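Before any comments, here is the structure.
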Amino acid sequence: AWFSWASGTTGIPQEVTISEDAMSASCEGYEHRVVLSSVGFSRGIHYWELTIDRYHSDTDPAFGIARADVSRDKML
Numbered sequence: 008a009w010f011s012w013a014s015g016t017t018g019i020p021q022e023v024t025i026s027e028d029a030m031s032a033s034c035e036g037y038e039h040r041v042v043l044s045s046v047g048f049s050r051g052i053h054y055w056e057l058t059i060d061r062y063h064s065d066t067d068p069a070f071g072i073a074r075a076d077v078s079r080d081k082m083l
């Protein structure tokens, strides 16, 4: 399944910018932020390929899998 970031939902932190095609997300802050995808899975085997276009050594990117009801105000 092909999916994108869920840009039309509420709760996206103001520091996070979702691209117009919803395929890219960027963050201007140093706090951990949660962004969900447009598709959810309840079972099966899935994998993701992520590309980091720009990296600053003073912060580390983190990626994870979470339920839709995850708390969005702290690191997973």
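So for the sequence shown, the numbering used here puts the first residue at 8; every next one is plus one.
No residue lacks a Cβ here, since even glycine has one placed at the ideal position from N, Cα and C.
Keep in mind that this is a model prediction, so the values were computed, not measured.
Own chain partners of residue 42 with C-beta closer than 7 Å, once the 5 adjacent residues on each side are dropped: To locate residue 42, count along the sequence shown from 1; it is residue 35. Once the five neighbours on either side are set aside, the close Cβ partners of residue 42 are 12, 19, 23, 32.
Given a cut-off of 8 Å, decide if residue 10 and residue 46 are closer than it, judged by their beta-carbon atoms. Translated into the one-based positions of the sequence shown, residue 46 becomes position 39. Translated into the one-based positions of the sequence shown, residue 10 becomes position 3. Taking 8 Å as the Cβ cut-off, residue 46 and residue 10 qualify as a contacting pair.
Beta-ladder partner(s) of residue 12, from DSSP: Along the sequence shown, read from residue 1 onward, the residue named residue 12 stands at position 5. Answer by DSSP bridge pairing, in chain order: 44.
Per DSSP, the bridge partner or partners of residue 32: Translated into the one-based positions of the sequence shown, residue 32 becomes position 25. Note: residue 32 sits in a beta bridge opposite 25.
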